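Asker: Have a look at the structure that comes next, please.
Number of protein chains: 2
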Amino acid sequence: METFAPTALKELVVTDSARGPECPAPEGGGLVRTLLCKLDGFAPLTEQDRAALVGLTGYARPIERHTVLAEQECVVDHALIVLAGFAGRSKRRASGRRQILAYLLPGDLCDRGALHGYPLDHAIETLSPCRIAKVPRAAYLDLLGRHPRIALAVQRARLAEEATAREWVANIGMRSGLERTAHLLCELLERLGSIGAVSDGQFDLPLTQMDPAETLGLSSVHVNRVLQALRRDGLISLRGHRLRILAPRRLSQLAEFEAGYL
Amino acid sequence: METFAPTALKELVVTDSARGPECPAPEGGGLVRTLLCKLDGFAPLTEQDRAALVGLTGYARPIERHTVLAEQECVVDHALIVLAGFAGRSKRRASGRRQILAYLLPGDLCDRGALHGYPLDHAIETLSPCRIAKVPRAAYLDLLGRHPRIALAVQRARLAEEATAREWVANIGMRSGLERTAHLLCELLERLGSIGAVSDGQFDLPLTQMDPAETLGLSSVHVNRVLQALRRDGLISLRGHRLRILAPRRLSQLAEFEAGYL
DNA sequence: CGGCGGTTTGAGCTAGTTCAATGTCCGTGG
DNA sequence: CCACGGACATTGAACTAGCTCAAACCGCCG
Chain A
1 METFAPTALK ELVVTDSARG PECPAPEGGG LVRTLLCKLD GFAPLTEQDR
51 AALVGLTGYA RPIERHTVLA EQECVVDHAL IVLAGFAGRS KRRASGRRQI
101 LAYLLPGDLC DRGALHGYPL DHAIETLSPC RIAKVPRAAY LDLLGRHPRI
151 ALAVQRARLA EEATAREWVA NIGMRSGLER TAHLLCELLE RLGSIGAVSD
201 GQFDLPLTQM DPAETLGLSS VHVNRVLQAL RRDGLISLRG HRLRILAPRR
251 LSQLAEFEAG YL
Chain B
1 METFAPTALK ELVVTDSARG PECPAPEGGG LVRTLLCKLD GFAPLTEQDR
51 AALVGLTGYA RPIERHTVLA EQECVVDHAL IVLAGFAGRS KRRASGRRQI
101 LAYLLPGDLC DRGALHGYPL DHAIETLSPC RIAKVPRAAY LDLLGRHPRI
151 ALAVQRARLA EEATAREWVA NIGMRSGLER TAHLLCELLE RLGSIGAVSD
201 GQFDLPLTQM DPAETLGLSS VHVNRVLQAL RRDGLISLRG HRLRILAPRR
251 LSQLAEFEAG YL
């Protein structure tokens, strides 16, 4: 169950490096680490591969919360790599109601824009302050061309993303509010764990309760009550934006969470 | 709005050719037509490409309703091409409750098994009697290798499938039962239209009300009532397994259905 | 004719919504 | 240092969409 990364854990690296423009990017590969970590998990990378990825840091910029990185209907011509913070894909109804379709966590990347010149069927926006690399199409294609292992890892990452999307359909479609929420937390634990952003079952959740609500197809009021129930039952503890999974086993049982598909 | 295929419509081709083992495959490319139709829509195919696809007919077999084509957790080593009937991806909970994750309609194909040797995160099963080609990995890879346009079309088809999956998350997550159902019908109209299986707003829906229910995260009782409401309001007519969209415009407005992403 | 698989209907119930008030934390300006 | 305001979290209370269970009904096939 415990899938924490074997590397030394730099606690809070996500938040304090995402705090804003005045905060300089940390030394060397401090943030690309998430990307390296994640891609390496899909296909082992060589030193050259890693160096090339570290080189992408030049494209990184701090970005405020609730910034739209790519509008629906728009053709984008760069790849996005999340280095810190939470971003997400989302759709909006005419009524204003929003549905979050996927989380983009540190190490995740999104290259639909760069690879295929299709207009996006959804928007991409930051859910928290983020540090994000916008890699121009040419540079990105060049990267993939020169580094087949990276290309492979990226392709596998896409498969994992598809699997997650299916998991979300199932989650929203056939689970109760409590179970859905538990499932989401399990997913976050696993995904953040795989990039070393979990320490002792604890991680930062730089979201508003509105975000899980729009993720899970629930009202924020209900999410609030569900979180209280999870706390009451001793499954989690949550103070501010710091979440701790107290009973991962029981939580994943409640959610029928299947680890391993990433 | 009307995206009906320009080719001559062979009404009922889906059902009568999917009826069962005793029913011989129709003359020539009668059923691959759907595949040709669909892929050609993504990337124009040459005569050689088409011939190669027609060649796949040899792998086609009639398959009964509710047959599991690929079990969850299993590694599959062939690509599946649906030539007639409805199949789908699905997940099941321990309680037995099922969620349908995607429909595989005639012309759709599913090559995760053949391309990457990963165990499936979901099952694939027929929802109606089908005619399906199981193409062995080697033959499939060979096909893609020799026919780059087919490979391109397949890749684009995958993008469209991903977009559909996102649409489903949004559908289940933020729409009411009525809207969800309307949206699903719009999707079916569009997808079946693109393979010429819609005639005069009418198409075969070889499903039980349980299937839409498990698709939309509703109970079959509720789906029943929703369908009645749609009929009452003159949006659709439904007799047996024959569905007619009477007011496509109003229906897609109700569902906030965005055509065009396929 | 009888039965099976599916649809339809009814009635009661509950998970989750909506709306609105209240509480809490935190940053800002005086 | 404190008052103020804004953004979130929490609570309460009324309401409702959709669920469950169970009975009837319908069409089809053997």
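Here the protein sequences come in this chain order: A and B. Just so you know, the first sequence maps onto residues 1 to 262 in UniProt numbering. Just so you know, the second sequence maps onto residues 1 to 262 in UniProt numbering. Think of the CB as a built atom: it goes at the ideal place given N, C-alpha and C, for glycine as much as any other residue. This one's a predicted model, so the numbers in the text were calculated from it and none came from an experiment.
Per DSSP, glutamine 202/B is paired with what?
Answerer: The residue you call residue 202/B lines up with position 202 of the second sequence. Answer is Ser199/B and Arg244/B.
Asker: Name, in chain order, the residues that DSSP records as bridge partners for arginine 131/B.
Answerer: Translated into positions along the second sequence, residue 131/B becomes position 131. BP columns for arginine 131/B point to Pro62/B and Ala84/B.
Asker: So what does DSSP say about cysteine 74/A, is it helix, strand or coil?
Answerer: Position 74 of the first sequence, counted from the start, is the residue given in the question as residue 74/A. Of the three classes helix, strand and coil, the one that applies to cysteine 74/A here is coil, per DSSP.
Asker: Go through its chain and collect everything with a Cβ distance to residue 300/A's Cβ below 6 Å, but skip five positions before and after it.
Answerer: The structure shown does not extend to residue 300/A, since chain A spans only 1 to 262, so no value can be given for it.
Asker: Following the continuous alpha helix (DSSP H) through threonine 34/A, name the residue where it begins and the one where it ends.
Answerer: Counting from one through the first sequence, the residue named residue 34/A turns up at place 34. Residues 32 to 42.
Asker: Could you tell me whether the Cβ atoms of proline 206/A and glycine 85/A are closer together than 8 Å?
Answerer: Start at 1 with the first residue of the first sequence, and residue 206/A comes out as number 206. Start at 1 with the first residue of the first sequence, and residue 85/A comes out as number 85. Yes; because the gap between Cβ atoms is below 8 Å, this pair is in contact.
Asker: In or out: proline 248/A buried (at least 16 other Cβ within 10 Å) or exposed?
Answerer: Reading the first sequence from its first residue, position 248 is the one you call residue 248/A. The residue in question, proline 248/A, is buried, as its Cβ has 16 or more Cβ neighbours within 10 Å.
Asker: Answer yes or no: does any C-beta atom of chain A fall closer than 8 Å to that of glycine 234/B?
Answerer: Within the second sequence, numbered from 1, the residue matching residue 234/B stands at position 234. Glycine 234/B does not count as touching chain A.
Asker: Under a three-way DSSP split, which group does residue 330/B fall into?
Answerer: The question about residue 330/B has no answer, for chain B in this structure spans 1 to 262.
Asker: Which residues does DSSP pair with proline 136/A in a beta bridge?
Answerer: Numbered from 1 along the first sequence, position 136 holds the residue referred to as residue 136/A. According to DSSP, proline 136/A bridges with His78/A.
Asker: For the region 142 to 159 of chain B, list every residue whose C-beta sits within 7 Å of some C-beta in chain A, in sequence order.
Answerer: Taking 7 Å as the Cβ-Cβ cut-off against chain A, the residues of the region 142 to 159 of chain B that qualify are Leu159.
Asker: Give me, in chain order, the residues of the same chain whose beta-carbon lies closer than 6 Å to that of glycine 30/B; leave out the 5 immediate sequence neighbours on both sides.
Answerer: For the purposes of this step, residue 30/B is taken as residue 30 along the second sequence, with counting starting at 1. So the list is empty, once near-sequence residues are dropped.
Asker: From the DSSP output, in three-state form, read off leucine 115/B for me.
Answerer: Here residue 115/B refers to the residue found at position 115 when the second sequence is read from its first residue. If DSSP states are grouped into helix, strand and coil, leucine 115/B belongs with the helices.
Asker: Out of curiosity, what's the CA-to-CA distance linking alanine 229/A and leucine 178/A?
Answerer: Within the first sequence, residue 229/A is the residue found at index 229, counting from 1. Within the first sequence, residue 178/A is the residue found at index 178, counting from 1. Using only the alpha carbons, I get a separation of about 8 Å.
Asker: Applying the 10 Å Cβ sphere with the 16-neighbour rule, what's the burial state of arginine 166/A?
Answerer: For the purposes of this step, residue 166/A is taken as the residue at position 166 of the first sequence. Buried.
Asker: Taking only beta-carbon positions, decide if glutamate 162/A is within less than 8 Å of chain B.
Answerer: As a position in the first sequence, residue 162/A is number 162, starting the count at 1. It does: the Cβ of glutamate 162/A has a partner Cβ on chain B nearer than 8 Å.
Asker: Here's a check: name, in chain order, each residue in its chain whose Cβ is nearer than 6 Å to the Cβ of valine 223/B, leaving out the five neighbours to either side.
Answerer: Looking up residue 223/B in the second sequence gives position 223. These residues qualify, in order along the chain: Gln209, Pro212 and Ala213.
Asker: Answer with yes or no whether the minimum CB distance from alanine 213/A to chain B is below 8 Å.
Answerer: Locating residue 213/A in the first sequence gives position 213, where the first residue counts as 1. Not an interface residue.
Asker: Work out the CA separation of leucine 36/B and arginine 50/B for me, nearest whole Å.
Answerer: The residue you call residue 50/B lines up with position 50 of the second sequence. The residue you call residue 36/B lines up with position 36 of the second sequence. Arginine 50/B and leucine 36/B: Cα-Cα distance of roughly 7 Å.
Asker: Can you say whether threonine 46/B is buried or exposed, counting buried as having 16 or more other CB atoms within 10 angstroms of its CB?
Answerer: As a first step, residue 46/B must be located in the second sequence, where it is residue number 46. Answer is exposed; the Cβ neighbour count stays below 16.
Asker: In terms of residues, what are the limits of the beta strand (DSSP E) holding alanine 259/B?
Answerer: Sequence index remark: in the second sequence, residue 259/B carries index 259 (1-based). Premise fails: alanine 259/B is in no beta strand (DSSP E) and is neither H nor E.
Asker: Starting from the beta carbon of lysine 38/A, find every residue of chain B whose beta carbon is closer than 7 Å, and list them in chain order.
Answerer: By 1-based counting over the first sequence, the position of residue 38/A is 38. What lysine 38/A touches in chain B: nothing, since even the nearest Cβ is about 17 Å away.
Asker: By a C-beta neighbour count over all protein chains shown, 10 Å radius and 16 as the cutoff for buried, is residue 325/A buried or exposed?
Answerer: Summary: the structure shown does not reach residue 325/A, with chain A confined to residues 1 through 262, and so no result is reported for it.
Asker: Have a look at the DSSP bridge pairing and note the partners of cysteine 186/B.
Answerer: As a first step, residue 186/B must be located in the second sequence, where it is residue number 186. BP columns for cysteine 186/B are empty, so no partner.
Asker: Between which two residues does the alpha helix (DSSP H) carrying alanine 94/B extend?
Answerer: Here residue 94/B is taken as the residue at index 94 of the second sequence, counted from 1. First-last for alanine 94/B: undefined, no H or E at that position.
Asker: What's the C-alpha gap between aspartate 40/A and alanine 153/A?
Answerer: Indexing the first sequence from 1 puts residue 40/A at position 40. Indexing the first sequence from 1 puts residue 153/A at position 153. So the alpha carbons of these two residues sit roughly 7 Å apart.
Asker: Name the chain B residues whose beta carbon is nearer than 7 Å to that of lysine 140/A?
Answerer: Reading the first sequence from its first residue, position 140 is the one you call residue 140/A. The question names lysine, but residue 140/A is tyrosine in the sequence shown. Those do not exist, as tyrosine 140/A stays about 17 Å from chain B at its closest Cβ, beyond 7 Å.
Asker: With H, G and I counted as helix, E and B as strand and the rest as coil, what does DSSP make of residue 265/B?
Answerer: The requested residue 265/B does not occur in the structure, where chain B is confined to residues 1 to 262.
Asker: Taking only the alpha-carbon atoms, compute the straight-line gap between serine 252/B and alanine 52/A and give it to the nearest angstrom.
Answerer: Translated into the one-based positions of the second sequence, residue 252/B becomes position 252. Translated into the one-based positions of the first sequence, residue 52/A becomes position 52. The straight-line gap from Cα to Cα measures roughly 47 Å.
Asker: Counting C-beta neighbours from all protein chains within 10 Å, is the total for glutamine 48/A 16 or more, i.e. buried, or is it exposed?
Answerer: Along the first sequence, one-based indexing puts residue 48/A at 48. Burial call: exposed.
Asker: Quick check on this structure: which residue in Val221/B, Leu69/B and Arg250/B has the alpha carbon closest to the alpha carbon of leucine 109/B?
Answerer: As a first step, residue 109/B must be located in the second sequence, where it is residue number 109. Here the closest residue by C-alpha is Leu69/B.
Asker: Sort out for me which residues DSSP pairs arginine 239/B with in a bridge.
Answerer: For the purposes of this step, residue 239/B is taken as residue 239 along the second sequence, with counting starting at 1. Bridge partners of arginine 239/B: Arg242/B.
Asker: What is the DSSP secondary structure of threonine 215/B, reduced to helix, strand or coil?
Answerer: For the purposes of this step, residue 215/B is taken as the residue at position 215 of the second sequence. Helix.
Asker: Just verifying my parser: in three-state terms, what is the DSSP assignment at leucine 69/B?
Answerer: The residue labelled residue 69/B in the question sits at position 69 within the second sequence. In this structure, leucine 69/B counts as strand in the three-state DSSP scheme.
Asker: Taking 8 Å as the cut-off, does the region 88 to 99 of chain B touch the region 126 to 144 of chain A (at least 3 CB pairs, one atom from each stretch)?
Answerer: Verdict: no, contact absent.
Asker: When we look at the beta-carbon of valine 75/B and count the other beta-carbons within 10 Å, is it buried (16 or more) or exposed?
Answerer: Translated into positions along the second sequence, residue 75/B becomes position 75. Classification of valine 75/B: exposed, given that the 10 Å Cβ count is below 16.
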